[in-house]
Structures are given as structure tokens and as C-alpha cells.
Amino acid sequence: MSAHGWGALADDAVAREIVEVALDAVDGRAEYADVRLVEAEEMRAYRAQGADIDERLEHNLGIGVRVLVDGVWGFAARPLGETADAATAARRAHALAVASVGTSAPIRMPPVEARSGRYETVVGQDPFAVDEDVRQSLLAEALAAASLPPEVVSAQVGVNAKRQHRHFGCSVGSRQHQHFVETGLLVVVIAAGHGDAQRRSYPNSFHGDTAAAGWEFVVGRDLVTNAARVGEEAVALLTAPMAPSGVADVVIGAQQLSLQIHESAGHALELDRMIGDEANFAGTSFIGVEDIGSLRYGSPAVNITSDPTVAGTRGSFAYDDEGTPARRSPLVEGGVVRAALSNLDSVARTGAVLTGAARSDGWAYLPACFATHVYLEPGGGSLDELCDRLGEGYYIDDNRSWSIDERRLNFQFGTEVAYEVRGGKRGRLLKNFSYGGVTPAFWNSVEAVAGPDESRIFGYPCGKGEPKQWSFLSHGAAPALVRDLRIGVA
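Count along the sequence shown from 1, add 451, and you get the number used in my numbering.
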């Protein structure tokens, strides 16, 4: 088979034949084996002030095979040019497992059942079928809108799309075929003047927002109108008063809270971090395996859930990258840690519950524990009602900066915007708002979470591991009221 051009693995029957070749190559020679066959194509198109159009299309196709021999893993991956490459990868994985026996403590796999099925993202309009002129015209109009104020010195707008055929098979009989499409957009604006520079972004900080959807996701975000808005807001921030320091009550908006979830909940609840396997990229976790079921992580208002069955999110799927079926898993209930984001390997060594959070950046990487669609369960009421309950304090949103220590414990964040709240009403705009704290103290200070109508979902890329791989996930949140928050940290 040819590895050139998109669509080589669109046919499930063709993909299954390749999976069978790989599994047959190690049949009877391993305790367990699994195969991931992945074809991915990604399009990214950007326009920036003073720069040429940047549009690129990338394609890759390959196979990764994992083999367990005497409790030790072997893994091999290679680009796929011919079907015979599948057997070559499998034999290489087996040889590596045999050579590694005795170099580490053996693991005993938890029971794995055969699970087979098919999953496909529901798409209204294929983003790859959108005419290039339509795409570039939208970007040109959005860039012009964002750049209209003379104080705007840098502006970038963009759209992105990715499609994947991901096929899985294992030695216990699972055969799974998943076909994913995701689409996204971004606006980032920097204004300068009055001895200052300020940034505003939309719809998510830094890298934009992406969802499991088609071009309709871009259309629904009204890129041009919001580009003009963030351009004007960046300029307004230049002359806004500086945010204060001290201790205050704060309502944190959905976007900023989604990043808080990512950094201090999603990563802290990855089981491989909890047992010390993962120490790269801000390290391990303050939560231990022994804390599951008892640790007071937050207030009774804090309920955090992993649920990849929620359609349309960047963290949605039917099976994770080890073939575990997707399911809803409460991670924190009423403020108490109930489960961790886990994969087969981490569960085999801890006895924790398998939540199906094995994710990988394509065929060339081993699956690791990554967040899926992890979100803060909404409470009740509107944002206005939450501000009224706040009374006196601040409303903040849209991340500007973040920092967290190697145990996901001590953190500080800055936001792009802040507003004074007086008598329950939002007032003047403030700039350079920042806050910090300790993860469980912060979440225990959450008094209330707004209702479902205020909840928003944001797609995130996330890097992890050595060699580094990217996972694509999502977080949802409604605004939350936090009491006695330390603000104005450097």
C-alpha cells in the first residue's frame, strides 16, 4: 500500500487486514499485544500583520505495536509504506520486550475484555472541503477587524483542522475503528502605547479553540466580530487602572477556570504522575494513590468529571488508545478525590480503577495517562446571580500567564481582563490581574459554581513525556465564586 496521499486507512477492512498482519507476527509469543494504526492529516492557516499567508498541510501514516513478555513491555513504531511493515514493527517490539526482561519489575495486566466497534465524529461541513478562497477571505476580514485600532501592533488570526483514521486491535480480540475530525480558530492581538503593551485573545488564550466538529464550528464563533472586539479591548487595557494586590473575593470566568482545571486538576489526577512515572513538564503530583477515596481536594461545590462520551469535545472518543471503552468517571465528588486518570499499565501496578485515559500523539508514541474531556460540573444560577452573591470583589477571565510547581501544588496565574464588582455589578476594567495559591486551598475556597447555561467547553493541546508527545483534550467550566483569594502576586 502507498503511504502518500490522504485516505489510505479510510477503509476499515483495509486497516483491519494490516492490524491482523501485525498481531499474527507475534501470535503465541507474548502475554499480550496491541496495535495502533493511525493516519492523520492536519491543515493550519494563519494571517498576521506584515507577514505572508502561512498555510500548511501535513500528513502522516504509521503503525505502533506494543508487546508484553514476562511482564515487560516492548514497543516499536514505523511509518507505513507496505503491509509488510506491520509485521516488521511487531517483530521489533517483541525483540525489545525479550531483551528488556529482568530490567524492571514485571507487571501483571488487569483483565482485558474484547471490545469492538466503530466511532465517527459528527460533522456538518467538512473543513477540508472548504474552498481556499473562502478560508483566506475570512482570515483577511478578521485580521483587518482586529488591526483596525492604530495601537494594535501585532495581530494574528487562524483556522485549523485535523482528521484522523485510528484503528486498534489487540491479542484478546478487540478490533476498533475510529474516525475523527476537529476544527478550530484563534485571534491574538497585542496593543502598545502609554508605556504599556496588552494582549487579548479569542476564543481561548494563546492557541485558540478546537472542537470535534466541522467548519460549522468556525462559522458559529463569529470570527470577524470577535476579532474587532478583542482589538478594541486590548487598546482599552492600555489605559486601564492596574489591578490591586491583597486578598479578595473573585468570580473566575469559564475560560480561566478551564485552564485552572487543566493545570491543577487534570494533570494532578494523572495516575502516572501520582506514582512517579511522569516527572517532565511540571512534574509529578501532590496526590498519592493512597489519597483516592479520602483526600479533601475541594469544597462540596467542587465536582470534577472525566467523560469522553460527551460528543463534540476535543476529548471525546469511543475507545482510548488501549481499547478501553469510553465512560463517565467522577474524579472529584463533593470535593473528595474518587478516581484518577489511568491506563492499563498504571492500574496494573497500583490496583486503581481503570478510567480509560490512555492517549497518544499518533502511531509513534506509547499511550500515556492524559485528560480526556475533564470538566467542572455546573452548579446553579446565572453569572449575574453569582456576581450578586459575590457582592464586592472582581470578575476575571481569559488566561494571560500561568506557572505551577513540580507537584501541581503551588501556582500563580494572570488574566487578560478583570473587572471590579461593586454591589454585584461589573464596573471598570482593570489590567494585569494575577492570583496565586495552593491547589487544595484554592478549590476548598470555591463557594459556588454557576449553572449549566453558563458552562463553556474549550479544546486544549497538552505536551507530556520524554520524548515529548502532544495530546488533544478539552475542559469545561462554568464561572465560580472563590472567597479569600490572594491577588496581585508577582
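Where is the CB? At the ideal position from N, CA and C, for every residue including glycine.
None of the values given here were measured: they were computed from a predicted structure.
For residue i, which three-state DSSP category applies?
i, result
"residue 866", "strand"
"residue 725", "helix"
"residue 578", "helix"
"residue 634", "strand"
"residue 730", "coil"
"residue 717", "helix"
"residue 847", "strand"
"residue 592", "helix"
"residue 819", "strand"
"residue 453", "Confidence at residue 453 is low in this model, with a pLDDT of 48, below 50, so the placement of that residue should be treated as unreliable; the coordinate-derived value is given next. Residue 453: coil per DSSP, three-state reduction."
"residue 765", "coil"
"residue 741", "helix"
"residue 571", "strand"
"residue 871", "strand"
"residue 537", "helix"
"residue 481", "coil"
"residue 810", "strand"
"residue 543", "helix"
"residue 467", "helix"
"residue 840", "helix"
"residue 566", "coil"
"residue 475", "helix"
"residue 834", "helix"
Let me confirm a value: residue i is counted as buried when at least 16 other C-beta atoms fall within 10 Å, else exposed. Which label applies?
i, result
"residue 938", "buried"
"residue 844", "buried"
"residue 613", "buried"
"residue 751", "exposed"
"residue 683", "buried"
"residue 900", "buried"
"residue 690", "exposed"
"residue 606", "buried"
"residue 505", "exposed"
"residue 725", "buried"
"residue 676", "exposed"
"residue 721", "buried"
"residue 723", "buried"
"residue 717", "buried"
"residue 625", "buried"
To the nearest angstrom, how far is it from the Cα of residue i to the Cα of residue j?
i, j, result
"residue 467", "residue 620", "8 Å"
"residue 454", "residue 460", "For residue 454, the predicted model reports a pLDDT of 48, less than 50, meaning its position is unreliable; a value from the coordinates is still stated below. Between residue 454 and residue 460, the C-alpha separation is close to 10 Å."
"residue 922", "residue 521", "30 Å"
"residue 935", "residue 698", "6 Å"
"residue 881", "residue 643", "16 Å"
"residue 489", "residue 940", "45 Å"
"residue 514", "residue 802", "30 Å"
"residue 510", "residue 579", "13 Å"
"residue 1009", "residue 768", "In this structure the chain extends from 452 to 941, so residue 1009 is not present and cannot be described."
"residue 599", "residue 544", "56 Å"
"residue 528", "residue 470", "13 Å"
"residue 673", "residue 807", "35 Å"
"residue 805", "residue 910", "24 Å"
"residue 790", "residue 813", "26 Å"
"residue 617", "residue 516", "13 Å"
"residue 860", "residue 927", "21 Å"
"residue 693", "residue 645", "13 Å"
"residue 785", "residue 824", "19 Å"
"residue 811", "residue 839", "44 Å"
"residue 874", "residue 671", "34 Å"
"residue 669", "residue 850", "21 Å"
"residue 738", "residue 783", "12 Å"
"residue 654", "residue 728", "34 Å"
"residue 886", "residue 713", "16 Å"
"residue 933", "residue 879", "20 Å"
Would you list the residues sitting across from residue i in a DSSP beta bridge?
i, result
"residue 607", "499 and 639"
"residue 827", "755"
"residue 855", "862"
"residue 494", "508 and 612"
"residue 524", "519"
"residue 561", "DSSP, once it has assigned bridges, lists no residue as partnering residue 561."
"residue 648", "643"
"residue 619", "487 and 627"
"residue 513", "489 and 530"
"residue 653", "638"
"residue 770", "776"
"residue 747", "787"
(message) What ranges does the beta strand (DSSP E) occupy inside the segment 661 to 703, keeping only unbroken runs of at least 3 residues that lie completely in it?
(response) 697 to 703
(request) Could I get the ranges of all uninterrupted alpha helix (DSSP H) runs contained in the segment 874 to 938, with 4 residues as the minimum, in chain order? (result) 890 to 895
(request) Identify every run of the beta strand (DSSP E) within the segment 774 to 803, keeping only runs that are complete inside it and at least 3 residues long; order them along the chain. (result) 780 to 784
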